[in-house]
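See below for the structure under consideration.
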């Protein structure tokens, strides 16, 4: 089997949802397992400007939104007869969190949307898809 474990990072964007649907198609063909992850960015500098309770509240709020999105993806996968695993990561670097997770769980394909952030955020933070494609030790499919 060519692709046994597929990783799909999602960020609630249209591109990541498209990447997810393509991963489902690949999973059907190869009888692969799919893990869907998202990463909440947590910066150490938050603690200089905000109370830790404010940061915790933001993380809880983001986690709730993400879990709702995960339920939507799970429903879609169930209709296609595919089971999923979900994971929320917290990190200062989205790229490093994805790469670390890919290596630790021995994924053999990453299917990722071409871009989720737009405008200034994309310039400031860099391209996650580009960073993952350059650092991953497995094939990376970037979906537009």
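Numbering (my numbering), first residue to last: 124 to 267. Virtual Cβ for every residue (Gly too), placed ideally from N, Cα, C. Since we're looking at a predicted model, the values are computed, not measured.
Self-check item: residue 143, DSSP secondary structure in three states
Solution: Note: residue 143 maps to helix in three-state DSSP.
Quiz item: Is it true that the CB of residue 156 sits closer than 7 Å to the CB of residue 128?
Solution: Remark: C-beta atoms of residue 128 and residue 156 approach each other more closely than 7 Å.
Quiz item: Which residue from 187, 190 and 235 puts its Cα closest to that of residue 255?
Solution: Considering only alpha carbons, the answer is 235.
Quiz item: Can you tell me whether residue 262 is buried or exposed, with buried defined as 16 or more other CB within 10 angstroms of its CB?
Solution: With fewer than 16 neighbouring CB atoms inside 10 Å of its own CB, residue 262 falls in the exposed class.
Quiz item: Buried or exposed: where does residue 135 fall if 16 or more other Cβ atoms within 10 Å of its Cβ makes it buried?
Solution: By the 16-neighbour rule on beta-carbons within 10 angstroms, residue 135 is exposed.
Quiz item: Measuring CA to CA, which of 210, 259 and 191 is closest to residue 160?
Solution: Nearest of 210, 259 and 191 to residue 160, Cα basis: 210.
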